[in-house]
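Asks: The opening residue of the sequence shown carries number 1 in UniProt numbering; numbering runs sequentially from there.
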Amino acid sequence: MPDQPSSPIVAPSASPPCILFVDDDSDIRQATSLLLRRRGFEVVGAADPAQALAVLAAMPVAAVLLDLNYARGATTGAEGLECLRALLAHDPGLPVVVVTGHSGVAIAVAAMRAGAADFVMKPWRNDRLVATLEDALATHRRRMAVRAAAPDAAGLVEDDVMVAGCAATRDALDRADRVAATQAGVLLRGEAGTGKTALARRIHRLSAQRGGCLLVLDAHGAGDDPRALAARLDGMGGQDTILAEDIGAWPPAAQRALLAWLEDGHRARLLATSRDGPEHLRAHVAPGLLYRLGTVEIALAPLRARGEEIPVLCRHFLRLFARRHGLPERWLAPEAEGLLAARPWPDNVRELRHVLERATVMATGDLLTDADFAPAGMPAGADDAPAGHDRTLAGSEKAMIEAALRRHGFNVSHAARELGLTRPALYRRMARYGL
């Protein structure tokens, strides 16, 4: 019989997330169930795939933790992979995290290709196990929320989804999701490349204005001619959203023009991003405009402060780029994962994304080692040669931009969305690289 939950399971929204843990070792099931319950989960155990499918048919579960081997001495993972396929046939969106031993990397890879959300290795660290489950559940919830709120934007989920692999990012996403349903102005702060624009687009897609226009303006686009800015804003209404990129860099005349337009009764929603801290903003942003943006402020931490998130981001981007380019999915060898986790990433997630796309495209095998990142200026010990790194990274960025432009028939708007850039930012890079 399946292990019973410690309390009745009701609707998923009214109870803790219920995890179905499938493992033939009763001691491991009991110990893991105790751990997960202490971390706020409900747990139901199953000793084999047949019991797991019976549980799934009888009650709702939020996610599955699935061991891959059951027969004595088995190491192929065949039973677990068959069970995985059956679970996903029952519920294609179900997050399934597979469990395998250190000798089973190839099995874990096969499971991911078959649709598993993630994997953990035995023996696991408890915090890593819990974080993996939380990340799988959070990613699933975000995808479902975006599809429910904007069914026509389902094709944007893969490009625009923000992956949360640490508490800081989860908190930022939770705050963004809460404020999205309101009309409040939002200021998104963080270094370049941390995901401010992606988070702003997410807020727009989940808001009541999702059917309207999202007008993205940076300092160059706003200009210093108030009449020209007013002309660009003309026609924006209550179903539209204005995203003021790097608002602290806007010319004072443009800030005053935007504020005057808003105070004239126009009801478009205002979002803004900034790379600067509060003191700089108070000194460089018109008080009335800052007041409108001060209702909610969301800070995005730099990638160097989110080290535990890097492996999660790597898996997400490697899957994304494999699908985009029609290539086999790539996997990071432990030494490569360690190398990437140790980098300072001055351009944050945007830089990591570009490096992983280049590695995906240029790799000669499915397993990426530290040698696969040498062309991107990241060999082991490369920290003592930052100038060479920057030059090579610039070349990599140029190649990525050119490839995106060609894929989209030189449609700048579509290429910019793929690259996670605004149109003005992409135009600046195109000019810099002579494209």
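Using N, Cα and C, we set each Cβ at its ideal position, and we do this for glycine too.
Alpha carbons only, please: which of N411, L352, A333, L320 is nearest the one belonging to R113?
Replies: L320
Asks: Using only CA atoms, which one of A208, L187, P346, G238 lies nearest to T273?
Replies: L187
Asks: With 16 as the cutoff for other CB atoms within 10 Å, does W261 come out buried or exposed?
Replies: buried
Asks: Kindly confirm or deny that the stretch 277-295 and the stretch 316-333 touch, where touching means at least three C-beta pairs closer than 8 Å.
Replies: no
Asks: R232: which of A268, A200, T197 sits nearest, CA to CA?
Replies: A268
Asks: So, using beta-carbon positions, are L215 and L173 closer together than 8 Å?
Replies: no
Asks: Confirm, please, whether the CB-CB distance from A176 to residue 502 is below 8 Å.
Replies: Because the chain here runs from 1 to 435, residue 502 falls outside it and cannot be looked at.
Asks: If you run the structure through DSSP and keep just helix, strand and coil, what is R417?
Replies: Of the three classes helix, strand and coil, the one that applies to R417 here is helix, per DSSP.
Asks: Let's see if you can read the secondary structure: which residues bound the alpha helix (DSSP H) around S26?
Replies: 26-38
Asks: Could you say if the stretch 222-240 and the stretch 305-312 meet the contact criterion of at least three C-beta pairs nearer than 8 Å?
Replies: no
Asks: The alpha helix (DSSP H) spanning F317 covers which residue range?
Replies: 310-325
Asks: Would you list the one or two residues that DSSP bridges to V97?
Replies: L65, D118
Asks: Say whether the stretch 190-202 touches the stretch 331-338, bearing in mind that this needs 3 or more beta-carbon pairs closer than 8 Å, one atom from each stretch.
Replies: With the cut-off at 8 Å, the stretch 190-202 and the stretch 331-338 do not touch.
Asks: On the CB-based measure, 16 or more other CB atoms within 10 Å of its CB, does L368 come out buried or exposed?
Replies: Buried, by the Cβ-count rule.
Asks: In the DSSP assignment, find the unbroken alpha helix (DSSP H) run with R175 in it and report its ends.
Replies: 167-180
Asks: Return the first residue and the last residue of the beta strand (DSSP E) that C83 is part of.
Replies: Segment 78-90 is the alpha helix (DSSP H) holding C83; no beta strand (DSSP E) there.
Asks: Please list, in chain order, all residues of the same chain as R29 whose beta carbon is under 8 Å from its beta carbon, the five residues on each side excluded.
Replies: Counting only residues of its own chain and dropping the five nearest sequence neighbours on each side, R29 has a CB closer than 8 Å to the CB of D3, F21, D23, G45, A47.
Asks: Can you pull the DSSP bridge partners for W331?
Replies: According to the DSSP secondary-structure assignment, W331 is paired through a beta bridge with L367.
Asks: Tell me the rounded alpha-carbon separation between R178 and C18.
Replies: 23 Å
Asks: If you pair each beta-carbon of the stretch 131-143 with each one of the stretch 397-414, do three or more pairs fall below 8 Å?
Replies: no
Asks: If V96 and L66 are in contact, beta carbons under 8 Å, what's the gap, nearest whole angstrom?
Replies: 6 Å between Cβ atoms; contact.
Asks: Is T197 helix, strand or coil when you go by DSSP?
Replies: helix
Asks: Candidates E191, L270, D135: which alpha carbon is nearest A347's?
Replies: This sequence places Asp at residue 347; Ala is not what is there. Minimum Cα distance to D347 is reached at E191.
Asks: Would you mind stating whether Y427 and V412 have Cβ atoms separated by less than 8 Å?
Replies: yes
Asks: Distance, Cα to Cα, L419 vs R72?
Replies: Each residue's Cα considered, the two are about 48 Å apart.
Asks: Can you give me the start and stop residues for the beta strand (DSSP E) that A272 sits inside?
Replies: 269-274
Asks: Please report how far the alpha carbon of Q255 lies from the alpha carbon of L289, in whole angstroms.
Replies: 7 Å
Asks: Output yes or no for whether 8 Å exceeds the beta carbon distance between A116 and V98.
Replies: yes
Asks: Quick check: G93 and M121, are their CB atoms within less than 8 Å of each other?
Replies: In this structure, G93 lies away from M121, with their beta-carbon atoms at least 8 Å apart.
Asks: DSSP three-state label for T132, please.
Replies: Helix.
Asks: Using only the alpha-carbon positions, how far apart do L293 and N126 sit?
Replies: Roughly 40 Å separates the two Cα atoms.
Asks: Please state the DSSP three-state secondary structure of G409.
Replies: G409: coil per DSSP, three-state reduction.
Asks: Which same chain residues, not among the five before or five after L35, have their C-beta less than 7 Å away from its C-beta?
Replies: N126
Asks: If we call anything under 8 Å between Cβ atoms a contact, is residue 437 one with L133?
Replies: Residue 437 lies beyond the range of the chain shown here (1 to 435); nothing can be said about it.
Asks: Please report the straight-line C-alpha distance between G377 and T360, rounded to a whole angstrom.
Replies: Confidence at G377 is low in this model, with a pLDDT of 40, below 50, so its placement is unreliable and the value that follows should be read with caution. Answer to the nearest angstrom: the Cα atoms are 15 Å apart.
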